[in-house]
Structures are given as C-alpha cells and as structure tokens.
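Worksheet: one structure, shown below.
2 protein chains.
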Amino acid sequence: MVGAGHTPFGRGSSDAISLMIKASMAAIEGASLSPEQIDHCFYSNAFGFTENQIHAGPVINTAIGAADTPSVTIESACSSGSAALMEAYAHIASGLADVCLVCGGERLLHLKTPEATAYFAMGSDYAVEGTNGATFPGLYALMAQEHMRRYGTTSEMLASVAIKNHQNALNNELAHIRKSIGMSDYLESPYVAYPLRLYDCCPFSDGAAALVIAEERVARRLNSELVQLVSCARAGGPAALNQRDDLTSISSARVAARQAYSSAHVGPKDIDVAEVHDCFTIAEIIATEDTGLFPQGEGGRAAAEGLTSIGGKVAVNPSGGLKAKGHPVSATGIAQIYEIYRQLTASAGKRQVDGAEIGMAHNVGATGGSCTISILRRMR
Amino acid sequence: MVGAGHTPFGRGSSDAISLMIKASMAAIEGASLSPEQIDHCFYSNAFGFTENQIHAGPVINTAIGAADTPSVTIESACSSGSAALMEAYAHIASGLADVCLVCGGERLLHLKTPEATAYFAMGSDYAVEGTNGATFPGLYALMAQEHMRRYGTTSEMLASVAIKNHQNALNNELAHIRKSIGMSDYLESPYVAYPLRLYDCCPFSDGAAALVIAEERVARRLNSELVQLVSCARAGGPAALNQRDDLTSISSARVAARQAYSSAHVGPKDIDVAEVHDCFTIAEIIATEDTGLFPQGEGGRAAAEGLTSIGGKVAVNPSGGLKAKGHPVSATGIAQIYEIYRQLTASAGKRQVDGAEIGMAHNVGATGGSCTISILRRMR
Numbered sequence: 033m034v035g036a037g038h039t040p041f042g043r044g045s046s047d048a049i050s051l052m053i054k055a056s057m058a059a060i061e062g063a064s065l066s067p068e069q070i071d072h073c074f075y076s077n078a079f080g081f082t083e084n085q086i087h088a089g090p091v092i093n094t095a096i097g098a099a100d101t102p103s104v105t106i107e108s109a110c111s112s113g114s115a116a117l118m119e120a121y122a123h124i125a126s127g128l129a130d131v132c133l134v135c136g137g138e139r140l141l142h143l144k145t146p147e148a149t150a151y152f153a154m155g156s157d158y159a160v161e162g163t164n165g166a167t168f169p170g171l172y173a174l175m176a177q178e179h180m181r182r183y184g185t186t187s188e189m190l191a192s193v194a195i196k197n198h199q200n201a202l203n204n205e206l207a208h209i210r211k212s213i214g215m216s217d218y219l220e221s222p223y224v225a226y227p228l229r230l231y232d233c234c235p236f237s238d239g240a241a242a243l244v245i246a247e248e249r250v251a252r253r254l255n256s257e258l259v260q261l262v263s264c265a266r267a268g269g270p271a272a273l274n275q276r277d278d279l280t281s282i283s284s285a286r287v288a289a290r291q292a293y294s295s296a297h298v299g300p301k302d303i304d305v306a307e308v309h310d311c312f313t314i315a316e317i318i319a320t321e322d323t324g325l326f327p328q329g330e331g332g333r334a335a336a337e338g339l340t341s342i343g344g345k346v347a348v349n350p351s352g353g354l355k356a357k358g359h360p361v362s363a364t365g366i367a368q369i370y371e372i373y374r375q376l377t378a379s380a381g382k383r384q385v386d387g388a389e390i391g392m393a394h395n396v397g398a399t400g401g402s403c404t405i406s407i408l409r410r411m412r
Numbered sequence: 033m034v035g036a037g038h039t040p041f042g043r044g045s046s047d048a049i050s051l052m053i054k055a056s057m058a059a060i061e062g063a064s065l066s067p068e069q070i071d072h073c074f075y076s077n078a079f080g081f082t083e084n085q086i087h088a089g090p091v092i093n094t095a096i097g098a099a100d101t102p103s104v105t106i107e108s109a110c111s112s113g114s115a116a117l118m119e120a121y122a123h124i125a126s127g128l129a130d131v132c133l134v135c136g137g138e139r140l141l142h143l144k145t146p147e148a149t150a151y152f153a154m155g156s157d158y159a160v161e162g163t164n165g166a167t168f169p170g171l172y173a174l175m176a177q178e179h180m181r182r183y184g185t186t187s188e189m190l191a192s193v194a195i196k197n198h199q200n201a202l203n204n205e206l207a208h209i210r211k212s213i214g215m216s217d218y219l220e221s222p223y224v225a226y227p228l229r230l231y232d233c234c235p236f237s238d239g240a241a242a243l244v245i246a247e248e249r250v251a252r253r254l255n256s257e258l259v260q261l262v263s264c265a266r267a268g269g270p271a272a273l274n275q276r277d278d279l280t281s282i283s284s285a286r287v288a289a290r291q292a293y294s295s296a297h298v299g300p301k302d303i304d305v306a307e308v309h310d311c312f313t314i315a316e317i318i319a320t321e322d323t324g325l326f327p328q329g330e331g332g333r334a335a336a337e338g339l340t341s342i343g344g345k346v347a348v349n350p351s352g353g354l355k356a357k358g359h360p361v362s363a364t365g366i367a368q369i370y371e372i373y374r375q376l377t378a379s380a381g382k383r384q385v386d387g388a389e390i391g392m393a394h395n396v397g398a399t400g401g402s403c404t405i406s407i408l409r410r411m412r
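Chains as they are written, first to last, in our numbering: chain H, 33 to 412; chain B, 33 to 412.
The structure is reproduced here in structure tokens:
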C-alpha cells in the first residue's frame with residue numbers, strides 16, 4: 033500500500049461518485065502518482081442504483097484523468113470494499129497489473145430509513161429472509177439472543193462495545209458520530225430488535241475511502257512509508273440464517289481467518305490492532321471470537337474487561353468502527369484498511385496504538401454470506 | 033475452459049438467480065467437477081436490484097452445493113460478464129485459484145420497456161447523458177449518423193448485419209429471436225432513433241450463461257475437449273459521448289484489442305470466428321473495425337458483401353449475436369465465450385464455422401466506457 037484517502041463519514045453534501053472521486057484523488061496524491069500510472073481500478077458502490085448510476089468506473093476515471101484505464105465494479109454487500117481489494121491483490125499477484133486503485137463509496141442518507149433498510153435487505157437471501165420481513169437488525173438480534181443464551185453474554189457486555197467505539201471515534205476527525213456515551217445512555221436507548229437497542233446499531237452513512245496498492249518493487253520507488261498487504265482471503269457461507277449450524281459464529285469469517293493467518297505465517301496473538309465489522313455490537317463480539325482474538329463465547333467478557341480497548345490486549349476498532357465512525361456500505365471494507373494503514377505508519381494521532389506492527393481487517397457481507405480477512409504489516 | 037452452460041435466452045419463467053443456478057450447474061456438469069472443487073466464483077447480475085437481490089453469490093453457492101466457496105459480483109454495465117471472466121483469469125494467473133466458476137444472468141422481461149430503458153441508462157454517464165434524456169438507442173444513433181456521414185455507410189449495410197444475425201440465430205436453439213428477416217422487413221420497421229430502426233436494436237432478454245475455467249494442468253485432468261483462454265484484456269474510455277474525439281470508433285475496444293492480440297501473439301487475420309457486441313447493428317460494424325477485422329470505415333461494406341457471414345472471410349456472430357440470440361445484460365459477455373467454446377470444440381451444429389481454431393470475443397460496456405477482448409484457441 034502506497035497511498036490512502038478517506039472522506040469524512042456522515043451526511044455528505046454530494047453524490048457517491050463525487051465522494052469516490054475525492055477519496056481516489058487523495059489516495060493518488062498520497063502515493064505521489066500521476067493517474068495514468070494506474071493499471072487497473074476497482075470500484076465498489078453497491079447502492080449506486082439508488083442514484084441512477086451503475087458502471088461507475090468510466091465516470092470516475094474520466095474525472096480523475098485516467099479515462100483509458102480499465103475499471104470494474106465489485107459488489108459483495110457490506111464486504112464490497114474488501115472484495116474489491118482482493119481483486120486488486122489478485123491482479124498484482126498475477127502480474128497483470130503493477131499499480132491498482134481501489135475505492136469504495138456510498139451515499140445512503142438521501143434515503144429514508146425504511147427505504148435504506150429495504151435496500152440493505154437485498155444483501156440477504158431475499159427470497160427466504162427479505163420476503164418474510166427479516167431485516168439486518170432482526171437477523172443480528174437472533175444471533176445476539178443465541179450468544180446470550182449459550183455463553184451468558186449480557187446487555188452490559190454489548191454496551192461495552194458501543195461505549196468503547198464511541199469513545200474511540202472522539203479521536204477520529206473523519207467519524208460520523210463523535211459523541212461519548214455511557215452505560216445509562218445505552219440502557220435508556222430504545223430497542224430496535226430485541227436484545228439490540230439503538231446504540232447497538234451502526235448508522236447509515238455517506239462517505240468514500242480509497243487505497244493505492246502496488247507491486248513491491250514499484251511501491252518502494254513511490255513511497256517510503258509502506259504497509260504490506262501480507263494476505264487477503266475470502267470465504268463464503270450459507271446465505272440465510274436458517275441454513276446455519278451455529279448462530280453464534282460466522283463460518284465464512286472462521287475459514288477466511290484461518291487462510292489469512294496461514295498464508296501470512298502469523299496467528300491471532302501477533303495482531304496488534306484490528307478493525308472488525310461491528311455493524312451491530314454483537315457482530316464485534318462474534319468477530320473477535322471468529323478471528324481467534326478470544327476463545328468462542330469470551331468476546332463479550334473481553335470487551336467488558338477492556339481487553340479490546342486501545343492499550344488493552346488487542347485494540348479493536350480504534351477508528352470507532354462501523355458503530356461510530358459510520359457505515360457507508362461499500363466504503364467500509366476500504367476504510368478499515370485505511371485505519372490499519374494509519375496505525376501501522378504511526379499516523380493515527382490520539383487514537384494511535386503504540387508500536388503497532390501487524391494489523392488485521394475483518395469485513396463481513398450481510399450476515400456472513402461472505403467475509404474477507406486481510407492481514408497487514410508495517411514495512412521497514 | 034473445461035465446461036460451459038447456457039440457458040435458453042428469451043422470456044424466462046424464473047428469476048435471475050434461478051437462471052444462474054441452472055447455467056452454473058450445467059457448466060459444472062460439463063466440466064465433470066463436484067461443486068466443492070471450485071475455488072472461487074465470479075457472478076454478474078447488474079440488474080439484480082430490480083428483483084431485490086444483490087450479493088447473489090452466497091445464494092447461488094448455497095443452492096449449487098458450494099456454500100463455503102468465496103464469491104463476488106462483478107459489474108461493468110453490458111460488459112459485466114466478460115469483466116467477471118477477467119477476474120477469474122486474474123485469480124488463476126496469480127495462483128490464488130485453480131478452478132473458477134464464472135456466471136452471468138439477468139431477468140429483464142419483468143420490466144416494461146420504459147423502465148428497462150431507464151435502468152439501462154444508469155450504465156451511461158448518468159449526470160451528463162441520462163439526466164438529459166439520452167438513452168442507448170439515441171447514443172448509438174449518433175454514432176451511426178457520424179459513421180454514415182464520414183464513411184458512406186448506408187441503411188442497407190446496417191440491414192445486412194441484422195439479416196445475417198437473424199439468419200444465424202435460426203440455427204441456435206438457445207436464441208431469443210428465431211425469425212428470418214429480409215431487406216423489406218428491415219426497411220419497413222419503424223425508427224427507434226434515427227437512423228436506427230427496430231431491427232437495428234437487440235432485444236432485452238432473460239437468460240444466463242456460465243463457464244468453468246481452470247489452471248492448465250488441472251484442466252487437462254478434467255476434460256479432453258479444451259479451449260484455452262489465451263488472453264483477456266480490458267480497457268476504459270471516456271464515459272460520455274461528448275468527451276470522445278471520434279464517434280465512429282470506440283477507443284476502449286481498440287486499446288483492449290491491441291493488448292489482447294499482443295499477449296496472444298496473434299493478429300486480426302488469425303481470427304476464424306468472432307462474437308462481437310452488436311447491441312445495435314452499427315455497433316457490430318464499429319466492432320469489426322475496432323478489432324482490426326476490417327479497416328476503419330469498411331465494416332459496413334464488409335457485412336453487405338457477406339464477408340462476416342459463416343463461410344465468409346471471418347464469421348461474425350454465428351450465434352445470432354445480441355441482435356437475435358438476445359441480450360440478458362450480464363449473461364452476454366459469457367454467452368459470447370460459450371459460443372466460441374462451442375465453435376472451437378466443433379460442437380456448434382448447423383452454425384459451425386469449419387475448421388475454427390482461433391476465436392475472439394468483444395464485449396462493450398455502455399457506449400464504450402469499458403471493453404473486454406478475449407482470445408481463445410482450440411487446445412490439442
């Protein structure tokens with residue numbers, strides 16, 4: 033990785049394409065590149081159809097001065113951003129490209145909540161879940177109920193995830209929600225889908241994030257502050273919850289994590305900082321278990337004991353996570369890598385994890401039909 | 033390539049996901065594989081949102097018995113299918129995968145024509161073209177007008193493309209429109225956008241097509257009837273027509289063709305059979321020029337003289353093309369490769385091009401914002 037860009041998350045003043053152009057230009061400038069040096073562009077904008085624009089690549093490329101550069105749009109629900117990164121990784125590994133731009137962005141706040149919720153439900157197994165009225169808060173609520181029943185996870189443990197991530201976002205000038213919350217705020221917030229309350233749920237956001245990744249020798253010529261994308265692995269899982277053996281774990285995350293650790297020759301104990309897909313607080317708890325940071329059933333207690341805070345055993349979501357930094361769907365997987373890039377280049381300011389050398393990103397599509405795990409390392 | 037599947041194109045009796053499952057199963061059976069042997073799946077379904085289903089991969093994979101296999105959805109307007117193929121090609125070239133499934137499908141005939149036209153316009157530069165009422169027939173009509181003005185291309189030349197492709201489709205049992213037309217049918221058909229008449233335009237179709245591609249050693253173990261994907265190249269071009277230097281040529285097609293020929297070590301003269309993106313008759317004429325099959329400005333005359341018919345200098349669109357085989361958007365780029373596969377394995381029945389050894393597919397996104405050129409060769 034040789035450059036990264038990130039617009040503020042929150043209510044954007046422009047369409048997704050404009051946000052993506054902004055983030056892309058920032059990443060290209062950060063990489064000290066001219067746009068024509070990019071061999072291939074990978075874009076994600078899963079809900080572009082709500083703005084009447086699919087085939088985003090040629091529009092963005094024309095605007096950034098790379099009209100002839102090939103592009104493609106990658107979609108994998110909420111894991112679209114990291115899926116795009118995976119394609120760039122494959123192109124560089126194959127030798128088809130030396131320099132790739134990866135950018136994800138979304139505008140969502142022009143939609144009313146019921147509309148946005150309906151569009152999001154398209155990412156589930158719609159025939160099985162969507163048509164029966166199941167939306168993501170409801171599906172994750174089922175996962176939370178089973179986690180509580182089986183492992184004794186409590187509302188206070190869920191709350192501790194929300195409180196930590198809101199706290200972390202106070203130090204992230206790009207975050208959507210920069211507001212400290214306490215246990216009483218959490219417990220007084222209304223239920224969205226029992227046992228999940230308002231403060232268990234991430235917001236919809238507008239925003240974009242971008243990365244420039246390059247083949248190693250090219251990268252070393254471009255930039256001295258480098259982060260290596262050591263491994264990037266994806267796996268699938270049954271689309272609908274009723275096809276799962278276990279509601280307290282996401283099998284695609286476990287499979288992808290195993291592959292990513294194996295090809296990076298590291299294990300969970302080596303991770304200094306992790307950005308995980310906390311679309312709901314329960315999702316962060318399950319993520320820290322699926323990626324082996326904590327044993328199954330221990331994720332809630334770990335959060336409550338401060339083990340996932342900055343300065344704890346492993347800093348989880350120092351950016352504020354989806355929960356507080358925000359969730360512009362297709363930007364999310366790329367924004368996670370942006371945060372790891374900042375952490376590993378020691379440029380994360382007040383939320384810096386001291387001495388971070390190895391980072392991990394965990395990006396889930398829907399309730400786990402897809403998952404990408406990426407492992408990154410500071411380069412010397 | 034070790035297997036291929038193709039549903040009938042036309043009015044489907046089921047949703048896009050079901051069509052894609054059907055085509056995928058046929059490709060997997062053709063490859064004598066079990067679904068778990070697939071390392072990665074690449075799906076295209078650009079208009080899935082009209083059926084409330086994005087994130088198609090986990091749903092299809094669960095149905096075909098490959099729930100844990102990673103998947104991703106690839107979109108590049110009408111070149112989505114070939115863009116998906118390119119990603120599979122990159123994964124195999126990188127060593128990340130040995131066996132990939134590529135499948136594109138679409139359901140469009142549940143939409144009324146004005147609705148479908150509006151959705152298609154999302155593939156153009158919507159802010160510039162769509163908001164000003166420009167739809168694809170209008171944009172390609174501008175290209176046709178300029179081609180006629182500059183090169184003397186005539187309505188009769190456009191007609192000869194339509195007549196040939198309708199004729200070819202008579203011998204394709206999977207084609208949407210199996211109806212012979214003559215010059216008077218063409219000339220009596222109403223204008224859609226001057227100078228394009230009804231018979232210059234391809235239909236919207238429902239349908240799906242799928243391919244299994246594998247690393248060479250693996251492929252040789254699986255199947256003895258093999259076709260090699262020798263090269264696959266993509267390029268971009270300015271999104272909107274008003275940003276182009278030349279309306280009579282598509283720059284992305286020229287750039288991609290040059291790259292594809294160069295890495296395959298062949299030239300236009302070596303091509304025995306080509307499937308090109310004839311969304312409108314003028315598009316086939318421009319395609320045969322951009323890919324070097326005929327000199328610029330000569331494509332219309334070549335068609336009128338029968339040089340692009342089966343048995344002519346180079347058979348163009350023996351399947352019937354988008355024009356008569358049909359155009360289920362995301363299936364198209366894959367269906368082109370399916371036809372080349374049939375031709376190069378000498379299994380195209382009555383539309384067989386005798387002794388076909390080298391084939392080419394040309395798949396355009398929108399008016400040329402993207403283009404993929406693939407070159408295939410019969411393997412011995």
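For every residue, glycine included, the Cβ atom is placed at its ideal position computed from N, Cα and C.
Since this is a predicted model, take the numbers as computed values, not measurements.
A distance below 8 Å separates the beta carbons of Ser111(H) and Ser402(H).
Counting of Cβ neighbours within 10 angstroms places His72(B) among the buried residues, the total reaching 16 or more. Within the segment 144-158 of chain H, the residues whose Cβ lies closer than 9 Å to any Cβ of chain B are, in chain order, Ala150, Tyr151, Ala153, Met154, Gly155, Ser156, Asp157 and Tyr158. Counting C-beta atoms within 10 angstroms of its own C-beta, Met215(B) has fewer than 16 neighbours from the protein chains shown and is therefore classed as exposed.
Closest in alpha carbon position to Ala153(H), among Ala271(H), Ala125(H) and Ile49(H), is Ala271(H). Closest in C-alpha terms to Ser56(B), from the list Thr82(B), Val396(B) and Ala88(B), comes Ala88(B). Considering only Glu316(B), Asp302(B), Asp238(B) and Gln260(B), the residue with the shortest C-alpha distance to Ala285(B) is Glu316(B). Sequence-distant partners of Ala251(H) (beyond 5 residues in either direction) whose C-beta falls short of 7 Å from its own C-beta, in its chain, are Val34 and Leu258.
Rounded to whole angstroms, the gap between the alpha carbons of Glu147(B) and Leu141(B) is 10 Å. Within 7 Å of the CB of Asn93(B), the CB atoms of chain H belong to Gly268, in sequence order along the chain. Proximity of chain B to Glu161(H) at the Cβ level (cut-off 7 Å) is not reached, the minimal Cβ distance being about 10 Å. In the DSSP assignment, Tyr75(H) is bridged to Thr105(H) and Cys135(H). Apart from the 5 residues on each side of it in sequence, Asn93(B) sits with its Cβ closer than 7 Å to the Cβ of Cys73, Ala99, Thr101 and Ser103 in its chain, given in chain order. Linking Asn164(H) to Gly400(H) through their CA atoms gives a straight-line distance of about 19 Å.
Apart from sequence neighbours up to five positions away, the residues of its chain that approach Ser156(B) with a beta-carbon distance below 6 Å are Gly162 and Ala398, ordered along the chain. By the C-beta density criterion, Asp386(B) is exposed, having fewer than 16 other C-beta atoms within 10 angstroms.
Rounded to whole angstroms, Ser351(B) and Tyr373(B) show a C-alpha spacing of 11 Å. Separation of Asn395(B) and Lys357(H) (C-alpha to C-alpha, rounded to the nearest whole angstrom) is 40 Å.
Among the residues of chain B, those whose CB is under 8 Å from the CB of Asp100(H) are Ala267, Gly268, Gly269, Ser283, Ser284 and Val287, following chain order. Excluding its 5 nearest sequence neighbours in each direction, Ala380(B) has C-beta neighbours in its own chain below 6 Å: Arg374, listed in chain order.
In terms of Cα proximity to Ala125(B), the closest of Tyr226(B), Gly324(B) and Val262(B) is Val262(B). For Gln275(B), the chain H residues whose Cβ falls inside 9 Å of its Cβ are Thr94 and Ala99, in order along the chain.
In summary, the residues of the segment 120-131 of chain B whose CB is separated from some CB of chain H by less than 9 Å are Tyr121, Ala122, His123, Ile124, Ala125, Ser126, Gly127, Leu128 and Ala129, in the order they occur in the chain. If you draw a 10 Å sphere on the C-beta of Arg410(B), you find 16 or more other C-beta atoms in it, and that means buried. Legend: CB atoms of the segment 78-90 of chain B lying less than 9 Å from CB atoms of chain H belong to residues Ala78, Phe79, Gly80, Phe81, Thr82, Glu83, Asn84, Gln85, Ile86, His87, Ala88, Gly89 and Pro90. The beta carbons of Leu190(B) and Thr313(B) sit closer together than 8 Å. Per DSSP, Gln368(H) has no beta-bridge partner at all.
In the DSSP assignment, Cys233(B) forms a beta bridge with Phe312(B). Secondary structure of Met392(B) (DSSP, three-state): strand. Per DSSP, Leu254(B) is one residue of the alpha helix (DSSP H) stretching across Glu248 to Leu254.
Assignment of beta-bridge partners to Val224(H) by DSSP yields no partner. Under the DSSP assignment, Glu307(H) falls in the beta strand (DSSP E) whose first and last residues are Val305 to Glu307. With a beta-carbon spacing of about 18 Å, Thr364(B) and Lys196(B) fall beyond the 8 Å limit used to define contacts.
Not flagged as an interface residue toward chain H: Ile303(B), since no C-beta distance is shorter than 8 Å. As the crow flies, the alpha-carbon of Gly170(H) is around 8 Å from that of Tyr226(H). Within 9 Å of the CB of Gly397(H), the CB atoms of chain B belong to His87, Gly89 and Pro90, in sequence order along the chain.
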